[in-house]
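First to last, the sequence lines map onto chains A and B.
Going by the working numbering, the first sequence opens with residue 98, and the numbers climb by one from there.
Going by the working numbering, the second sequence opens with residue 16, and the numbers climb by one from there.
For every residue, glycine included, the Cβ atom is placed at its ideal position computed from N, Cα and C.
Values in this document were obtained by computation on a predicted structure and should not be read as measured data.
Okay, so here's the structure we're looking at.
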Amino acid sequence: MVKEPEAPAAGVTGVAFGDNARLAAAKAGQAPAAAPAKPRTPVRYARKQYWNEPTMTWWEKAYLPEILRGLAITTGIFLRNMGKWITGRRGAVTTYYPEEKRADFAPRNRGKHILTQRPDGSPQCIACNMCATVCPAKVIEIEAGFDPNDPAHPKYPVRFEIDYSRCVFCGMCVEACPEDAIRMQEDVPNLVSDDRYNMWMTMDEMLTWRPQQDVAKPYPPKPVPLGLGESVKRGRGQ
Amino acid sequence: MNADSVLPDLVVSLVFIGYAMVMLLSFGGLLTWVERKQSAVMSDRVGANRAYIRIPFTNVKLVWLGLFHGMADGLKMLLKENFKPKTHDAVGYFLAPFIVFTPVLLVFAVVPFGGTVVPGQLIPALAGWFGDRAYNMQIANLDAGLLVVFAFSSLGIIGAMLAGWASDNKFSLLGGLRAGSQMISYELVMGLTVLGLILVYGTVNLGDIVRQQSGTIGGVLPAWGIFYQPFAAFLFLTAAIAENKRIPFDLPEAESELIAGYFTEYSAMKLGLFMFSEFIQIAVVGALFATLFLGGYNLPFMTDAGFSLPGGTEIALSQAVRVPLQLLTFLGKVALLCVIQIQIRWTLPRFRYDQMLGLSWKMLLPLSLANLVVTVLWMWIAGGGQ
């Protein structure tokens with residue numbers, strides 16, 4: 098590329114545009130348009146005027162009264178909170194984290210996992226490993242067992258553990274589960290520890306969810322075998 | 016000075032020095048806690064409250080509202096690696112923290128923290144040894160008191176600029192430059208401000224200045240400097256906060272621009288010294304302001320003899336009551352001024368650099384000069400045109 102002469106001192110506006118145009122021309126493989134030979138005018142620096150320039154009254158420009166107003170606000174808040182502390186109330190919006198549970202978790206918050214149960218108390222999980230497969234952080238470990246006494250769900254989890262030191266709380270395990278066996282509560286897993294091996298949650302803890310009304314997936318009573326011709330009748334529809 | 020007065024004098028001086036050191040260092044340590052808690056309370060937070068001391072062999076943990084966080088900080092500073100940049104200037108880098116730290120302590124040498132004490136009367140057991148010699152509660156009763164204050168406080172500039180230069184880091188250098196220009200600008204304002212006060216009191220001896228403030232103005236107001244020179248008091252506090260390089264004047268440190276300014280390259284206890292000197296300087300500024308403008312160690316209408324209230328009531332105070340009262344009054348005033356400074360620091364945003372220098376040279380300097388002119392005219396008229 099031909100070495101360009103130094104950019105002419107154009108007006109304050111239009112400099113950027115002209116540069117861009119030359120750059121575009123250079124990219125397209127054309128020779129840069131020859132800059133019009135203008136006499137070099139000294140560019141006087143002028144601070145750019147923005148559309149949202151602050152407009153201040155002389156009272157605000159004097160600065161001191163506004164400082165005093167600000168100090169009055171902060172001191173007022175300080176005294177209010179201090180009064181609360183002195184009278185034994187909490188003058189802060191803080192929740193002491195591991196000791197206290199926040200009252201305002203959203204009902205949809207994806208917190209700690211629970212394993213739902215069948216009405217007889219056994220986990221609804223069938224150890225299909227889909228949650229462990231979809232998990233982006235690979236935090237779920239499932240060990241499957243065989244139960245010959247339950248022909249409907251012969252596979253069941255012997256061990257179901259989640260490593261919360263790595264869990265990203267994305268909720269994909271919940272979406273992947275075909276049995277609605279894993280859900281996430283709004284409560285967070287309170288696993289405050291300085292040791293990552295204390296951050297595993299086992300199946301026992303995840304099976305503590307005992308809702309009175311909301312059974313995860315109420316199974317209908319066992320279907321009675323159909324008699325001859327009944328399926329044909331049903332197929333016709335009512 | 017005869018021979019048998021040397022030892023008592025020495026003992027008294029050592030006691031005063033010990034008191035001043037303990038007071039300043041504990042102020043420095045406590046102010047870290049006060050700053051944390053005060054800023055937390057005024058922004059709806061709780062503040063640091065987790066550090067604790069466990070009583071050995073028991074499970075009792077003393078938390079005490081997070082008071083031990085300062086100790087934890089100190090311990091951390093002491094135990095950290097003392098990292099030095101590869102290309103630093105060894106001598107300057109080593110000296111700078113001490114040059115910053117020492118003058119701050121030295122300034123307090125001329126500040127009186129109590130009235131006259133006669134140890135022989137206060138503690139009768141020592142009467143034989145001390146006789147009836149009286150001592151001003153002040154480390155060095157210098158006639159040049161205020162000049163010494165300015166001499167020492169301007170030494171801090173050297174430390175800051177040395178730290179910035181010796182670290183061999185661009186951010187440090189910029190911070191050092193900023194520190195230099197800022198401190199020189201504001202020291203000028205501070206000096207001119209105090210000049211009016213010197214005119215009013217006619218002395219630079221801080222002990223005399225305090226004693227002159229025990230009277231009344233018109234029989235009602237206590238004759239405090241802040242009532243003689245309210246404008247100067249405001250200017251002095253502004254310049255002193257700027258001198259201390261704290262928000263809103265923390266341009267030399269400017270975390271968002273310069274990492275930590277002139278002590279970017281310092282670590283461990285050297286960094287701790289910079290921090291600690293900043294906190295001690297809060298207390299020293301408070302002590303100076305109390306001495307110059309708020310009647311020092313005296314309560315209103317109080318002299319070494321006792322109270323003389325505006326109504327003409329005289330309440331005599333024995334020395335055993337007066338000396339602790341004066342010490343506590345001084346501590347209380349300093350603590351209050353420290354709280355005010357911390358409140359200012361947590362309320363205001365930082366100035367831009369040109370605004371900061373403009374404030375000094377275009378606003379505070381002309382204002383302090385005007386204040387001086389008005390004071391001179393007033394003194395001239397009040398003195399009958401002499």
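| query | result |
| --- | --- |
| So, E96/B versus A275/B, is the Cβ gap smaller than 8 Å? | no |
| Quick one: is V300/B buried, meaning 16 or more other Cβ sit within 10 Å of its Cβ, or exposed? | buried |
| Just list the alpha helix (DSSP H) runs in the region 186 to 256 of chain B, keeping only unbroken ones of 4 residues or longer that don't cross its boundaries, in chain order. | 221 to 227 and 240 to 243 |
| Please confirm whether N287/A has its beta-carbon closer than 8 Å to some beta-carbon of chain B. | no |
| Taking C-beta to C-beta, are V235/B and P325/B nearer than 8 Å? | yes |
| Between which residues of its own chain and G171/B is the CB-CB distance below 6 Å, once the five residues before and five after are set aside? | V115 and P118 |
| In this structure, how does DSSP classify E270/B when only helix, strand and coil are distinguished? | helix |
| Could you check the C-alpha separation between T102/B and S182/B for me, to the nearest Å? | 8 Å |
| Roughly how many angstroms lie between the CA atoms of A255/B and I68/B, to the nearest whole one? | 36 Å |
| Quick one, which of L382/B, L303/B, L372/B and I359/B has its alpha-carbon nearest L408/B's? | The first residue shown for chain B is 16 and the last is 401, placing residue 408/B beyond what the model contains. |
| Spell out whether any CB of chain A is found under 8 Å from the CB atom of Q356/B. | no |
| Contact defined as beta carbons within less than 8 Å: I believe T138/A pairs with T362/B. What is the distance between those atoms, to the nearest angstrom? | Wrong, their Cβ atoms sit about 47 Å apart, outside the cutoff. |
| Taking all protein chains shown into account, do 16 or more other C-beta atoms lie within 10 angstroms of the C-beta of D265/B, making it buried, or fewer, making it exposed? | buried |
| Looking at the unbroken alpha helix (DSSP H) that takes in I164/A, where does it start and where does it end? | L161 to I183 |
| Return the residue from the list G179/B, G195/B, M371/B and V209/B that minimises the CA-CA distance to G160/B. | V209/B |
| D369/B by DSSP, collapsed to three states: which one? | helix |
| Residue range of the alpha helix (DSSP H) that I396/B falls in? | L380 to A397 |
| Helix or strand or just coil, what does DSSP make of T306/B? | helix |
| Looking at the structure shown, is W156/A part of a helix, part of a strand, or coil, going by DSSP? | helix |
| Write down the C-beta distance between L304/A and L168/A rounded to the nearest angstrom, noting that I regard them as a contact closer than 8 Å. | Incorrect: roughly 57 Å between the Cβ atoms, too far for contact. |
| Taking Cβ-Cβ distances shorter than 8 Å, what residues in chain B pair up with A69/A? | It is not possible to answer for residue 69/A, since the shown part of chain A is limited to 98 through 335. |
| Closer than 8 Å by beta-carbon distance: list the chain B residues that pair up with M153/A, in chain order. | Going along chain B, no residue has its Cβ under 8 Å from M153/A, so there is no contact; the nearest lies around 14 Å. |
| Counting Cβ pairs closer than 8 Å, one from the region 186 to 204 of chain B and one from the region 136 to 149 of chain B, do we hit at least three? | no |
| Can you tell me whether L288/B is buried or exposed, with buried defined as 16 or more other CB within 10 angstroms of its CB? | buried |
| Between the region 363 to 375 of chain B and chain A, which residues of the former have a C-beta closer than 9 Å to a C-beta of the latter? | L363 and L374 |
| Can you tell which of L39/B, N64/B and K76/B has its C-alpha closest to the C-alpha of R51/B? | N64/B |
| Give the secondary structure of D260/A by DSSP, where H, G and I count as helix, E and B as strand, and everything else as coil. | strand |
| Tell me whether the beta-carbon of G240/B lies closer than 8 Å to the beta-carbon of Q228/B. | yes |
| Looking at A111/B: is its Cβ nearer than 8 Å to the Cβ of G174/B? | yes |
| Say whether chain B places a C-beta atom closer than 8 Å to the C-beta of T184/A. | no |
| Quick one: give me the first and last residue of the alpha helix (DSSP H) that G179/B is part of. | L170 to A181 |
| Is it right to say A200/A is buried, meaning 16 or more other beta carbons lie within 10 angstroms of its own, or is it exposed? | exposed |
| Can you tell me whether T299/A is buried or exposed, with buried defined as 16 or more other CB within 10 angstroms of its CB? | exposed |
| Give me the residue from F242/B, V389/B and I154/B with the minimum Cα distance to V26/B. | I154/B |
| Alpha carbon to alpha carbon, how far is R60/B from C274/A? | 41 Å |
| Would the beta-carbon of P315/B fall within 8 Å of that of P245/B? | no |
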